[in-house]
Every structure is written in structure tokens, then in C-alpha cells.
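**Student:**
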Amino acid sequence: MNSPQTIELQSPEKRSTDSERTISETVDSALCAADLKHFASKHAIIQNQNNQKIEKWQDWQYLLDLIDIILEYDVTYIVKASQLGVSWLMAIISDWYANFGETAKCLLLSQGQTEAQDLLSKLSFVHENLPAYLRLPIDKDNREMFALKGNHAEIRALPSTEKAGHGFQGSLVVRDELARHENARENYRAVARSGAKLVELSTANKKDPTNYFGEKTEEFWLDPLTEKRVYPSGLELYTNEKKPGVCLVFLSWKLRPTRVEGMTLDEWWDSRILPRYTAEEIEEQFPEKIEDVFKASITRAYFEFSALDDMGYDICPPMRQDTINTYNNVIRVYKLPIVGRRYIIFTDPSDGVGDPFVTGCMDYVTGELVASATGKEKVDRVAEIHDYLVREYGNASNTFEYTGSVGGTMWKVLDDLKTPNQAPRRKPDGKIDEGKKGQWVSSEHKERNFGHLAFGIAKRKYVIHDREFMRQAKMVQRENEKPIMDKKQTYDWVMMMVGLGQLEKFMPPTDAFKITSSKYKD
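Here it is in C-alpha cells:
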């Protein structure tokens with residue numbers, strides 16, 4: 001005979017408690033689905049690398065502000081300092097999209113496979129630590145994909161290869177540390193067509209000042225129509241009426257209220273940052289102001305930054321005059337030629353395609369660039385302008401950079417024009433290369449003459465009125481005392497000044513350059 005079945009009856013109080021819990025969880029689930037900030041603040045658990053603890057996500061106000069901005073704009077560029085919790089926030093946002101979005105598709109692109117896996121592991125950790133009533137079951141969780149059962153949501157994490165992102169259609173694309181993505185431009189063309197919300201974030205990359213992220217964010221920041229708004233949290237938001245749906249965010253290292261419990265930010269900086277990071281790493285990873293992000297690296301700069309900044313006060317428009325023909329404003333005149341002054345002229349020529357030519361005319365005594373010329377002109381026109389300035393400025397000692405067919409044509413035209421006082425070509429040791437005109441610039445020439453220019457800049461020896469030179473000079477980097485110039489950039493103004501520096505070193509005796517023409521101003 002079977003034993004009678006024992007039935008456990010719940011008390012009215014327990015049934016009421018269970019019912020209340022179910023209602024509470026249902027309400028909370030609805031709130032989480034509707035409000036990302038509620039979801040993150042109440043339920044996100046992270047791994048704090050500063051104290052090696054698992055803890056509740058800190059809903060600092062600048063991160064809550066960032067959530068609002070990302071949800072509002074189609075494209076968000078985030079220029080940031082390190083260790084602000086932004087990567088964890090991207091993991092939280094991605095999990096929210098996946099957990100509460102029907103068939104949501106998210107794509108996380110990182111600079112390499114290791115970084116992609118790290119970002120995906122953060123997302124997986126956030127999801128696994130959600131309450132059971134919120135957490136959808138996991139279908140796949142491997143090195144490249146995180147997928148959920150029930151709603152067919154997928155998140156892929158890939159390294160930034162040339163083909164990454166091609167064919168993707170989805171809800172959200174996050175490109176982390178974009179300034180270091182080798183294929184950032186190619187990837188953008190792919191993901192821009194996906195229709196997804198796009199978040200582009202990175203610290204600065206001063207080793208590659210022409211990186212895609214740096215170019216896009218600096219262009220946006222410098223646009224005269226870009227407007228700045230500073231939130232009470234300290235977050236800076238930049239918007240532009242020409243680009244609706246796009247914004248730029250700057251996050252200073254000082255935004256995070258606490259770094260290590262019991263330490264002030266200054267104590268943390270002095271004990272944890274200054275001893276452990278190089279000056280260059282601090283420049284890249286811990287900017288205080290947005291200007292720190294976009295200026296070239298001071299620690300890697302070949303030319304002295306403070307001197308270039310001082311020289312910047314001399315930038316001005318050309319003078320109004322009718323003595324010198326400007327060739328339709330190709331020539332810029334800052335001072336007219338003066339009787340008895342000695343001038344030197346150097347031209348970095350071009351063929352009218354691609355890079356512009358640059359000519360500089362310097363007062364030998366004062367070091368002032370009294371005239372310059374630039375534009376995309378054919379080489380015969382460049383030679384004509386060079387010859388004209390030589391004659392106007394008292395038969396100035398002159399030469400040009402001899403490079404390839406352009407240099408050959410320049411030499412021929414100047415020879416036909418019988419341009420006076422052409423300086424002879426110099427070998428790296430300074431000796432004359434007999435019978436040759438125009439200066440061939442070898443790597444040895446470059447190293448020697450860049451050093452001469454750097455010394456002159458440091459001593460505030462030159463007065464230059466052209467903004468282009470200052471900009472290009474700040475882009476020249478130093479590596480083992482050698483000048484390094486990115487091949488994707490133009491340095492024609494710098495090369496013009498390097499050429500003037502060499503002419504300056506080998507200027508002939510004064511008696512050879514007495515000026516008696518009555519056309520000069522007293």
C-alpha cells in the first residue's frame with residue numbers, strides 16, 4: 001500500500017512574498033529594457049583591475065552622460081584618457097543591446113585578436129553576472145562570437161583586418177582604440193553602410209599623427225562651426241550644425257572621481273603614473289585637455305616646441321603693396337627689398353600635381369623670411385617665380401632642391417633664364433660638387449641640415465610669418481637623434497627652411513653682394 005502523499009502548503013504570507021517578487025522582477029525587467037542607465041547602474045558587475053576585485057559598476061556622472069550621448073547620436077567619436085571605465089561601459093551597452101533587442105547584431109572591432117577577445121570577455125562577464133530573471137541563456141560564447149538563445153542576438157568581436165566589417169548589418173558598431181587600427185579607413189567604408197549606430201573611441205596615438213581617428217577627430221574639433229558644451233561632470237561635447245547626428249566627446253583623465261581608495265587624484269598620479277609611465281606614454285594616455293590630444297608629441301618632437309610656439313606670434317598676413325608682382329597671390333611679401341641687405345632664396349619645386357611648391361626668401365642678417373611663394377604650379381612657372389624673386393631681392397644667393405625630373409627641368413629653365421648667383425651643389429661634407437646646380441638632398445644631407453635648422457629654431461634665430469611652416473615643423477619627430485617625417489604628410493615648408501639653412505652656412509663674402517640698384521627702397 002502506497003504511503004499517503006505529503007502536500008506542502010504555502011502560507012498566505014509566502015505566496016504573497018513570491019507574488020511580490022515576481023511583480024518586482026517583471027517591473028525591473030521592463031525598466032531595464034527601456035532604460036540603459038537603470039540597467040547599468042542597478043545590475044552591471046565588472047572586474048576592477050585597480051584593486052583586483054569583482055564589484056558593482058560605478059555609475060559616475062560622466063559615464064551616465066556618455067550613455068545619453070551615445071543613445072542620442074548616430075556617430076560618436078570619443079577622445080579619451082586611459083582607465084576611465086569606457087571599455088567596460090561599451091561591454092555593458094553591447095550586452096544591453098543583445099539582451100533586450102530582438103535579433104540585435106553588434107560588432108566590436110579592436111586593433112588585434114587579443115584586444116578583441118578581451119572586449120568580448122568583458123561583455124560575457126557582464127552578462128553572466130546579471131540576475132537570472134534578466135539574463136537570457138547563452139547560445140554561443142567563443143573567441144569571436146557571443147550569441148543568445150531566444151532572441152537570436154549576436155555580438156561579434158574581430159581584429160581590424162582589411163575585410164573586417166564587410167557585409168555587416170546590425171544595431172551597433174564599436175571600434176575600440178581606433179587610432180591604432182591599421183585598416184581603420186577600409187573598415188569605415190564597410191561599417192558606414194551597415195546602418196548601425198557607430199561609436200569610435202581611442203586614446204591618442206602620437207607615434208602616428210596621421211592615423212584615421214586622429215585626422216577625423218581633429219578635423220571635427222577645428223571646424224569653425226563646431227560648438228563646445230561642458231557638462232557639470234566635466235565631460236566635453238562638441239557638435240557641428242553641418243554634421244547632424246555626429247558628435248565628438250572628450251574625456252580628461254581627471255574626470256574619474258577616485259582611482260585608488262584612500263588616495264587623492266594627485267597622490268595617485270604621483271605614485272602610480274609618474275614612476276610607471278614614460279613621458280611619451282603620459283602624453284598619449286593621460287591628456288588633461290583636448291588640446292593635449294591634438295598637438296604633436298613634445299617628447300618625440302625634433303624641433304623645440306616652446307620655440308615654435310614663440311615663433312607663432314610672428315604669423316601674419318602678407319603686406320599690401322604694388323612693388324612686387326605676386327603672380328595672382330602666389331607670392332607673399334612681408335617686407336620689400338632694402339638697398340644693402342643680403343638675401344638668400346631656396347625653392348622646393350613641384351610639377352603642379354600633388355604637393356605644392358614652396359619658395360622662401362630670407363634676410364641673411366635678421367633671419368626673417370621676407371617673402372615666400374607657394375601653390376600648385378608647373379615647374380617652368382615655379383622656375384620663373386624663383387628667378388623673379390632672386391632678381392627683385394638684389395640678385396639673392398639661391399638654389400633649389402634637385403629631385404628627379406622636376407629638379408632637372410628646374411635646372412634647365414633657370415639656366416635658360418640665366419638666373420644670377422646660383423649657389424653650387426654641396427656634398428654632405430660641405431665641399432662643392434663641381435659643375436652641378438641645385439641641391440641633391442641625401443639622408444646624410446638631411447640629418448646635418450635638420451640639425452642646423454633645429455639649432456636656429458632653439459635660439460629663436462628665425463622670424464617666419466607663414467603658418468604652414470609651424471604646423472609642419474611640429475609634425476617632425478625624433479628617433480635616435482634623427483628627423484623622422486611621416487610619408488603620408490608633406491613637409492615642403494620644412495624642406496625649404498632646411499635649404500635656406502644650408503645656403504646660410506655657405507654664404508659668400510659680403511663684397512660679392514653689394515647692391516647699387518636704384519629700384520630698392522631706402
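Those letters in the sequence shown? Residues 1 to 522, per the UniProt record's numbering, in order. We put the beta carbon where it would ideally sit given N, CA and C, even for glycine.
CA-CA distance, T103 and P287?
**Tutor:** Using only the alpha carbons, I get a separation of about 39 Å.
**Student:** Which residue comes first and which comes last in the beta strand (DSSP E) that contains R229?
**Tutor:** 226-230 is the span of the beta strand (DSSP E), which, as asked, contains R229.
**Student:** Can you tell me whether DSSP reads T114 as helix, strand or coil?
**Tutor:** Reduced to three states, the DSSP call for T114 is helix.
**Student:** Is the beta carbon of K228 closer than 8 Å to that of E236?
**Tutor:** The answer is yes: Cβ separation under 8 Å.
**Student:** Whole angstroms are fine: how far does the CA of T366 sit from the CA of E468?
**Tutor:** Whole-angstrom Cα-Cα distance: 21 Å.
**Student:** Reducing DSSP to helix, strand and coil, say where N421 ends up.
**Tutor:** Correct three-state label for N421: coil.
**Student:** Just checking my contact of Y343 with D314 at CB under 8 Å: how many whole Å lie between their CB atoms?
**Tutor:** 18 Å between Cβ atoms; not a contact.
**Student:** Using C-beta distances below 7 Å, list every residue in its chain close to K53, excluding the 5 sequence neighbours before and after it, in chain order.
**Tutor:** No residues qualify anywhere along the chain.
**Student:** May I ask you to verify whether the region 335-351 touches the region 487-497, counting CB pairs closer than 8 Å and requiring at least 3?
**Tutor:** The region 335-351 vs the region 487-497: in contact.
**Student:** Between the Cα of A147 and those of Y462, D95, L64, G438, spot the shortest distance and give me the residue it belongs to.
**Tutor:** Nearest of Y462, D95, L64, G438 to A147, Cα basis: D95.
**Student:** Contact between the region 375-390 and the region 429-441 is defined here as three or more beta-carbon pairs at a separation below 8 Å; is this criterion met?
**Tutor:** Judged by Cβ distances under 8 Å, the region 375-390 makes no contact with the region 429-441, as fewer than three pairs qualify.
**Student:** What are the boundary residues of the alpha helix (DSSP H) that includes L66?
**Tutor:** Segment 61-72, the alpha helix (DSSP H) holding L66.
**Student:** With 16 as the cutoff for other CB atoms within 10 Å, does L138 come out buried or exposed?
**Tutor:** The sequence shown places Ile at residue 138, not Leu. I138 comes out exposed.
**Student:** Report buried or exposed for F455, applying the criterion of at least 16 other Cβ atoms within 10 angstroms of its Cβ.
**Tutor:** The residue in question, F455, is exposed, as its Cβ has fewer than 16 Cβ neighbours within 10 Å.
**Student:** Using the rule of at least 16 other Cβ atoms within 10 Å of the residue's Cβ for burial, across every protein chain shown, is V260 buried or exposed?
**Tutor:** The residue is exposed, with fewer than 16 neighbouring Cβ atoms inside 10 Å.
**Student:** Does the region 322-339 come within contact of the region 381-391, defined as at least 3 CB pairs closer than 8 Å?
**Tutor:** The region 322-339 is in contact with the region 381-391.
**Student:** Could you tell me which residues DSSP puts in a beta bridge with F357?
**Tutor:** DSSP, once it has assigned bridges, lists G375 as partnering F357.
**Student:** Considering only C-alpha positions, which residue in the set M90, A383, S82, G407 is nearest to L71?
**Tutor:** Closest option to L71, Cα to Cα, is M90.
**Student:** Jot down the residue ranges of each uninterrupted alpha helix (DSSP H) in the region 170-248, minimum 4 residues, whole runs only, in chain order.
**Tutor:** Within the region 170-248, the complete alpha helix (DSSP H) runs of at least 4 residues are 184-191, 212-222.
**Student:** Would you mind giving the Cβ-Cβ distance between R143 and Q117, rounded to the nearest angstrom? I have them listed as a contact below 8 Å.
**Tutor:** Indeed they touch by this definition, with Cβ atoms about 5 Å apart.
**Student:** Count the CB pairs spanning the region 32-45 and the region 210-222 that are closer than 8 Å, and state whether there are at least three.
**Tutor:** Judged by Cβ distances under 8 Å, the region 32-45 makes no contact with the region 210-222, as fewer than three pairs qualify.
**Student:** So, with DSSP's three-state summary, where would you put G435?
**Tutor:** Strand, per DSSP.
**Student:** Determine the burial state of R426: buried for a count of at least 16 other Cβ atoms within 10 Å of its Cβ, exposed for fewer.
**Tutor:** The residue is buried, with at least 16 neighbouring Cβ atoms inside 10 Å.
**Student:** In the structure shown, what three-state DSSP assignment does Q5 receive?
**Tutor:** At Q5 the pLDDT is 49, less than 50, meaning the model places this residue with poor confidence; the figure from the coordinates comes in the next sentence. In the structure shown, Q5 sits in coil (DSSP, three-state: anything other than H, G, I, E or B).
**Student:** Consult DSSP for T490 and reduce its assignment to one of helix, strand or coil.
**Tutor:** Correct three-state label for T490: coil.
**Student:** Looking only at its own chain, which residues have a Cβ that is under 6 Å from the Cβ of D466, when we skip the five neighbours before and after it?
**Tutor:** If we look at D466 and ignore the five residues flanking it on each side, its Cβ neighbours are S372.
**Student:** Applying the criterion that 16 or more other CB atoms from any shown protein chain within 10 Å of the CB defines a buried residue, is Y133 buried or exposed?
**Tutor:** The residue is exposed, with fewer than 16 neighbouring Cβ atoms inside 10 Å.
**Student:** So, helix, strand or coil for D511, using DSSP?
**Tutor:** The pLDDT assigned to D511 is 43, lower than 50, so where the model puts this residue is not dependable; a value taken from the coordinates is nonetheless given after this. Note: D511 maps to helix in three-state DSSP.
**Student:** Is it a yes or a no for the region 468-477 touching the region 178-195, going by three-plus beta-carbon pairs under 8 Å?
**Tutor:** No, because fewer than three Cβ pairs between the region 468-477 and the region 178-195 fall closer than 8 Å, the two stretches do not touch.
**Student:** If you draw a straight line from the C-alpha of K153 to the C-alpha of K105, how long is it?
**Tutor:** According to the sequence shown, residue 153 is Ala rather than Lys. In a straight line, the C-alpha of A153 is about 6 Å away from that of K105.
**Student:** According to DSSP, what are the bridge partners of T347?
**Tutor:** For T347, which the question treats as bridged, DSSP gives the partners T359, F400.
**Student:** So E186 packs on E162, CB below 8 Å; how close in whole Å?
**Tutor:** Correct: roughly 5 Å between the Cβ atoms.
**Student:** Where does S517 fall in DSSP's three states?
**Tutor:** At S517 the pLDDT is 45, less than 50, meaning the model places this residue with poor confidence; the figure from the coordinates comes in the next sentence. Looking at S517 - three-state DSSP - the assignment turns out to be coil, as it is neither helix nor strand.
**Student:** Here's a check: name, in chain order, each residue in its chain whose Cβ is nearer than 8 Å to the Cβ of V353, leaving out the five neighbours to either side.
**Tutor:** These residues qualify, in order along the chain: K376.
**Student:** What is the residue span of the alpha helix (DSSP H) that I457 lies within?
**Tutor:** First-last of the alpha helix (DSSP H) with I457: 443-458.
**Student:** Whose C-alpha, out of G451, K437, F506, E182, is nearest the C-alpha of V413?
**Tutor:** Answer by Cα proximity: K437.
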